[in-house]
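Read the structure below first, then the notes.
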Amino acid sequence: MPNVGYSKYQRCSYLSSTIHVGLKTKTMVKNVLIFRSKCNDDKDDNYEKLLSNDGYNVKTISPIQFQYCNDSLLKEYLKNWTKYYGIIFTSKRAVDAVQFVLKDEQNLIEQWKKKKLYCEGPATAKLVNELFCAQSVGSETGTAEKLAEFIVKDVNRDEKFCLLFPCAEMRNDKLPERLTQANIAFDELTVYGTTISASLESELKDYLVEKKPDVLGFFSPSGFNNVYEISKKVGLDLENCCIVSIGDTTSKRVRCITNDKTIKEERCLKPTPVDFYETVKKMCGPV
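Numbered according to full-length UniProt numbering, the sequence shown spans residues 1 to 287.
This is the structure we're talking about:
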């Protein structure tokens, strides 16, 4: 196979995913294993759908499970709505936490829908828009760092501009650091944490009995940590797979834990199905 016009990932994938019969070459289906926690609203999963429609064999396994916390304190923060200019959501789970404590609190929902609803990514924005029946802002930024810049430019400093930031126990530092640099006040509250999924090891073992993944997709640092810890035990060879990391934080975790000189890893900058699909194609080439 000539090198011209192909990336190192495509050359590697081509050689490992074709069989030669006489003078003919038959391309084998590429297996994509996604480590991502699905929500109840993910019945029609576009991450899987886009790849499946293009001929990839796709499977999703959840590497983490969520534990919500500080419900009572979060409700007190939300009741004190007059203090805040807006609220920041950087994950769907943070929206879930707020939705839970606002159950049967329509008056509070009405008050918060008048505030600025800042969101990272379209999936999170969709949930926020549905919860508050209002239009969120900032979802097109796609990353916490870019959302922070959006907020800095968007905030009306003539008004009260303290923001509420419900977040995960493990969250990206760049957003709060940037807000602090810009002297924007915010109240940060941890509303959920993560633990390893109880079914991760068994699901991964079952998958590896039948298939060998060509591409692994990781959506969070904690998800990668959990998979890495059991990879040798279940026989998952990370160095012989292409890895797609969603976001800068996940990418840094992958490169920090693995030998980034031998690992085939590509960062997907935006957490959208289209961007993930394009990154997989960039590494593997077409099916």
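All C-beta atoms, glycine included, are put in the ideal place defined by N, C-alpha and C.
Only a predicted model underlies this, so the values are computations on that prediction, with no experimental measurement involved.
Within the 8 Å Cβ cut-off, does residue i reach chain D?
i: V29; result: In summary, chain D is missing from the structure at hand, where a single protein chain is found.
For residue i, which residues does DSSP report across the bridge?
i: G193; result: Q67
i: A168; result: Y192
i: L216; result: L33, I243
i: D45; result: According to DSSP, D45 bridges with nothing at all.
i: N57; result: N31
i: D237; result: Paired residue(s): none; D237 is not in a bridge.
i: D187; result: L164
i: E265; result: I243
i: C119; result: F89
i: Y228; result: Per DSSP, none; premise fails for Y228.
i: Y277; result: BP columns for Y277 are empty, so no partner.
i: V209; result: Answer by DSSP bridge pairing: none, since V209 is not bridged.
Compute the distance between the beta-carbons of residue i and residue j, then report whether it is under 8 Å.
i: T250; j: F219; result: yes
i: V280; j: E265; result: no
i: Y207; j: I61; result: yes
i: I246; j: F276; result: yes
i: I196; j: L216; result: no
i: L147; j: G138; result: yes
i: V152; j: R178; result: yes
i: W112; j: L163; result: no
i: L33; j: P271; result: no
i: D248; j: T143; result: yes
i: N183; j: L200; result: no
i: Q65; j: A168; result: no
i: T258; j: L236; result: no
i: N46; j: P273; result: yes
i: L204; j: V234; result: yes
Would you decide whether residue i is buried or exposed? Buried here means 16 or more other CB atoms lie within 10 Å of its CB.
i: R36; result: buried
i: residue 319; result: With the chain covering only 1 through 287, there is no way to say anything about residue 319.
i: G223; result: buried
i: K26; result: Summary for K26: the model assigns pLDDT 47, below 50, so the residue's position carries little reliability, and this model does not support an answer.
i: E48; result: buried
i: A94; result: buried
i: G121; result: buried
i: F100; result: exposed
i: A185; result: exposed
i: S136; result: buried
i: C241; result: buried
i: T180; result: exposed
i: E210; result: exposed
i: M28; result: exposed
i: C133; result: exposed
i: E130; result: exposed
i: C256; result: exposed
i: E278; result: exposed
Less than 8 Å between the CB atoms is what I'm expecting for residue i and residue j, so what's the real figure, rounded?
i: L189; j: L102; result: Their Cβ separation, rounded to whole angstroms, is 14 Å, which puts L189 and L102 out of contact at 8 Å.
i: K83; j: T124; result: The Cβ separation is near 23 Å, so there is no contact.
i: V191; j: C268; result: Not a contact, Cβ separation roughly 26 Å.
i: D187; j: F165; result: 7 Å
i: E145; j: L175; result: 7 Å
i: Q67; j: G193; result: 5 Å
Using 8 Å as the threshold, is the region 113-120 in touch with the region 80-91, meaning 3 or more CB pairs across them?
-> yes
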